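Those sequence lines, one after another, are chains R and G. The first sequence maps to residues 232 to 388 in our numbering. The second sequence maps to residues 232 to 388 in our numbering. Glycine included, each C-beta is placed from N, C-alpha and C at the ideal position. Small disclaimer: the values here were computed from a predicted structure and weren't measured.
There are 2 protein chains.
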Amino acid sequence: MTEFDHPGHTAEPRQEPGLVAGFDRGAAGREVFTIRDLTKEFEVSARTLRFYEEKGLLAPRRNGEKRLYSRRDRARLRYVLMGKRVGFSLEEVREMLDLYDLGDGRRTQLQVALAKFQERAVRLEEQRGEIDRAIAELARASLEIQAMLSARANDEG
Amino acid sequence: MTEFDHPGHTAEPRQEPGLVAGFDRGAAGREVFTIRDLTKEFEVSARTLRFYEEKGLLAPRRNGEKRLYSRRDRARLRYVLMGKRVGFSLEEVREMLDLYDLGDGRRTQLQVALAKFQERAVRLEEQRGEIDRAIAELARASLEIQAMLSARANDEG
DNA sequence: CTAGCAGTTTACGTAAACGTAAAGCCCGAA
DNA sequence: TTCGGGCTTTACGTTTACGTAAACTGCTAG
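Given below as structure tokens:
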């Protein structure tokens with residue numbers, strides 16, 4: 232269990248925002264956010280946000296000591312969380328974000344991201360295959376056990 | 232990635248033995264095995280076997296310093312590896328093996344194992360659901376990106 | 001006798017994503 | 001003024017399943 236665990240709130244049916252926020256509905260047109268704002272909006276801990284910053288995923292400005300997150304930071308966070316949901320490591324996400332920052336008109340980066348997404352989808356389908364095989368193996372084992380049980384049902388009662 | 236990674240040999244089509252070995256075809260009716268025998272037969276490292284012993288999963292006898300594995304040890308190893316494949320932790324496997332060792336006619340243990348197997352299968356199906364959702368999310372994101380790309384295809388030329 | 005190989009033990013290292021103190025700063029309320 | 005929050009930093013702890021290095025013993029071939 233790593234990739235698809237959401238330790239906190241056990242997968243509630245929250246609307247998971249896409250890459251592009253329609254018109255930022257939700258946090259009505261704010262320009263700047265505190266760490267609390269983001270922890271509440273995205274249900275992540277403050278520790279997590281600082282950790283992401285430490286890893287180069289976010290880079291909020293400061294008001295003295297306090298962190299001030301821009302809408303860009305917020306969009307990046309959204310991207311990070313989406314990446315996590317689909318099984319990218321934070322490192323992979325960071326690479327994509329870094330690429331995006333390089334500029335180049337964004338065309339190349341979009342294509343790179345697209346390719347990564349599709350690779351990831353392939354990998355996920357493989358994982359699904361492995362899970363299917365595991366389920367099948369469990370079913371076989373269960374049958375074996377049931378057979379053993381019914382074999383003993385006679386000579387034991 | 233944890234549960235379904237087979238770092239070594241990348242999922243070759245080897246025949247994965249069930250819980251009960253038909254008539255021990257393979258290692259023709261041997262009674263005792265060296266650590267090398269088992270590493271080759273099951274494609275695990277010697278380190279792994281010692282680690283499993285350290286964790287109470289195996290308990291081979293000794294010939295001086297050297298480990299001597301019985302057929303029972305070998306069957307337990309088979310069980311451990313099967314358990315791993317379907318996503319049990321070594322700790323969970325150990326608990327099941329310990330239960331089995333308690334005796335009690337084995338009926339209860341078989342039922343316990345059966346229950347755990349079925350729970351595990353349910354959990355695996357949940358994971359598969361999460362993977363399906365992740366795949367869908369990737370597909371959506373890919374579409375978004377393609378849209379952005381084709382939107383830029385014009386004004387960039 | 002000497003390599004060399006197989007085996008052993010002990011014990012630290014690794015990866016991932018944070019959790020959890022510990023300790024201190026700053027601000028508003030009572 | 002003191003207390004409680006909320007924020008900050010630093011840094012060690014957690015989990016799982018081994019990998020890997022170091023240092024030693026014992027056996028066999030040459």
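Check your understanding: What does Val317 (chain R) touch in chain G if you count any residue whose Cβ is under 7 angstroms from its own?
Key -> The answer, in chain order, is Ala365, Glu368 and Leu369.
Check your understanding: Hey, Leu345 (chain G) and Ile376 (chain R): beta-carbon distance below 7 angstroms or not?
Key -> Taking 7 angstroms as the Cβ cut-off, Leu345 (chain G) and Ile376 (chain R) qualify as a contacting pair.
Exercise for review: Answer with yes or no whether the minimum CB distance from Leu328 (chain R) to chain G is below 7 angstroms.
Suggested key: No, because no Cβ of chain G sits closer than 7 angstroms to the Cβ of Leu328 (chain R).
Exercise for review: Determine the DSSP secondary structure at Arg338 (chain R), reduced to helix, strand or coil.
Suggested key: In this structure, Arg338 (chain R) counts as helix in the three-state DSSP scheme.
Practice item. Report yes or no: is there a C-beta of chain G within less than 7 angstroms of the C-beta of Ser373 (chain R)? Key: So, interface residue.
Review point. If you draw a straight line from the alpha carbon of Ser373 (chain R) to that of Gly260 (chain G), how long is it in whole angstroms?
Key: Roughly 26 angstroms separates the two Cα atoms.
Check your understanding: Can you list the residues of chain R that Leu380 (chain G) reaches, using a CB-CB cut of under 8 angstroms?
Key -> Those are Arg338, Leu341, Gln342 and Leu345, listed as they occur along chain R.
Point to revise | Buried versus exposed, by CB contacts within 10 Å (16 or more), Gly314 (chain G) | key: That one is buried.
Review point. Using a beta-carbon distance below 7 angstroms, is Ile376 (chain R) in contact with chain G?
Key: Answer yes: the Cβ-Cβ gap between Ile376 (chain R) and chain G drops below 7 angstroms somewhere.
Review point. Are any of the Cβ atoms in chain G nearer than 7 angstroms to that of Ala352 (chain R)?
Key: Yes, its Cβ sits closer than 7 angstroms to a Cβ of chain G.
Exercise for review: Pair every Cβ in the stretch 337 to 351 of chain R with every Cβ in the stretch 295 to 303 of chain R, then say whether three or more of these pairs are closer than 8 angstroms.
Suggested key: As far as the Cβ criterion goes, the stretch 337 to 351 of chain R does not touch the stretch 295 to 303 of chain R, which means the pair count is below three.
Point to revise | CA-to-CA distance, Leu288 (chain R) to Arg307 (chain R), given in whole angstroms | key: CA-CA distance, Arg307 (chain R) to Leu288 (chain R), rounds to 7 angstroms.
Point to revise | Reduced DSSP category for Lys297 (chain R) - H, G, I as helix; E, B as strand; rest coil | key: In the displayed model, Lys297 (chain R) falls within a strand according to three-state DSSP.
Check your understanding: Would you call Ala367 (chain G) buried or exposed, if buried means 16 or more other Cβ atoms sit within 10 Å of its Cβ?
Key -> Ala367 (chain G) sits exposed, since fewer than 16 C-beta atoms from the chains shown fall within 10 Å of its C-beta.
**Study point:** Best match in G:Arg325, G:Glu262, G:Val263 and G:Arg383 for proximity to Glu284 (chain G) [C-alpha to C-alpha]
**Key:** Cα-wise, what sits closest to Glu284 (chain G) is G:Arg325.
Practice item. Kindly provide the ranges of any alpha helix (DSSP H) runs that are 4 or more residues long and lie completely inside the stretch 262 to 322 of chain G, ordered along the chain. Key: DSSP assignment within the stretch 262 to 322 of chain G yields the following whole alpha helix (DSSP H) runs of 4 residues or more, N-terminal first: 266 to 273, 277 to 285 and 302 to 316.
Review point. DSSP three-state call for Leu260 (chain R): helix, strand or coil?
Key: Inspection of the sequence shows that residue 260 (chain R) is occupied by Gly rather than by Leu. Collapsing the DSSP output to three states places Gly260 (chain R) in coil.
**Study point:** Same chain only: Cβ atoms within 8 angstroms of Ala277 (chain R), ignoring 5 sequence neighbours per side
**Key:** The answer, listed in chain order, is Ile266, Arg267 and Thr270.
Review point. How about Ala365 (chain R) and Leu321 (chain G): do their beta carbons lie closer than 7 angstroms?
Key: Cβ atoms of Ala365 (chain R) and Leu321 (chain G): not closer than 7 angstroms.
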